[in-house]
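What follows is one structure encoded as structure tokens, with my remarks underneath.
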Amino acid sequence: PIATTFVERSGWTPPSEMLDDPTDAPDEIKAFWGTIVAYVIVRTRFLDEYAKDAWEAGVRQFVILGAGLDARAFRLSWPHGTRVFELDMSEMIRFKQDALEESPAKPRCERIVVEADLTQDWFPRLTASGFDAALPTAWMAEGLLIYFTPEQNETLMSAVSAASPPGSRFGMTLARKGGLDVPDGPLEGAGPSGEVRSVPSLWLSEAPDDPAAWLRGHGWDADVFSTRERAAAYGRPLPGSAPEGALRALVRAVRV
-10 PIATTFVERS
0 GWTPPSEMLD
10 DPTDAPDEIK
20 AFWGTIVAYV
30 IVRTRFLDEY
40 AKDAWEAGVR
50 QFVILGAGLD
60 ARAFRLSWPH
70 GTRVFELDMS
80 EMIRFKQDAL
90 EESPAKPRCE
100 RIVVEADLTQ
110 DWFPRLTASG
120 FDAALPTAWM
130 AEGLLIYFTP
140 EQNETLMSAV
150 SAASPPGSRF
160 GMTLARKGGL
170 DVPDGPLEGA
180 GPSGEVRSVP
190 SLWLSEAPDD
200 PAAWLRGHGW
210 DADVFSTRER
220 AAAYGRPLPG
230 SAPEGALRAL
240 VRAVRV
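Read left to right, the sequence shown gives residues -10 to 245 (the numbering used here).
Okay, structure coming up:
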């Protein structure tokens, strides 16, 4: 129900390939959407399990960076006393809050929304909203880092690390901007005011060649999984056409 509300409020028009008989779509379109859908399913489950593992370890403070339309505060069975901070740009926050007012769904934790630009000095806004840097925290960055420059990612990682005592956790997804063959059109759509945005044009950085080493340099011990490996483990193998390099990695890390 929440997803339906978000789509209806956005005014987004799905590509015709998603509305028509998919068997009539060109092979490259079918392969592209098959890869995207499969990847999103896998990364969603991976981070759901990451959150569950964190709260089973006693973590009760969670921060979702670039939360967008993330609905975990409403979907997951959070333990009593859990606080989930959602950070994103003010425009996204307003859209999401307006849409949620039309939904009967209620958060299953203490949900705290923070308007913040993660490329600027965002941490004071988080602390002003009640974040406690003395507590172990589970951070999450799903589909986020590719939209930042390498320098912005370093700054973000440094800020997160400085606010994370030992035992804190970080779950993230990493992708390569040049690793996915995007056919003309599938990631373009008209917004409410008619503007056309190309999502690939917003991708600004590549995943680190060695994610574990990158995180180790910031004081984290990381486990790195390939998307194909996790997909197989979940019983949802990726299509054979899915490019290995594009999906890069699913990462969970612990602050040491």
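By construction, the Cβ of each residue, glycine as well, lies at the ideal position given by its N, Cα and C atoms.
Note that this is a predicted model, so its numbers are computed, not measured.
Exercise for the section: Specify the secondary structure class of M146 as computed by DSSP and reduced to three states. Expected result: helix
Problem - Unbroken alpha helix (DSSP H) run spanning F51, endpoints - result: Counting along the chain, F51 falls outside any alpha helix (DSSP H), though it belongs to the beta strand (DSSP E) covering 50 to 54.
Exercise for the section: Express the C-alpha separation of Y28 and R114 in angstroms, rounding to a whole number. Expected result: 32 Å
Handout entry: Range covered by the alpha helix (DSSP H) that runs through F63
Key = 61 to 64
Practice task
Pull up the distance between the alpha-carbon of T(-7) and that of L89, whole angstroms please.
Solution key: 11 Å
Exercise for the section: May I ask you to report which of helix, strand or coil DSSP gives M78? Expected result: coil
Handout entry: Candidates Q50, I135, R49, of which the one nearest A196 by Cα
Key = I135
Practice task
Within 10 angstroms of the Cβ of Q86, are there 16 or more other Cβ atoms? Answer buried if so, exposed if not.
Solution key: exposed
Practice task
Flag this pair as yes or no: are the beta carbons of A211 and A164 separated by less than 7 Å?
Solution key: no
Handout entry: Contact the region 124 to 132 vs the region 150 to 157: 3+ CB pairs below 8 Å
Key = yes
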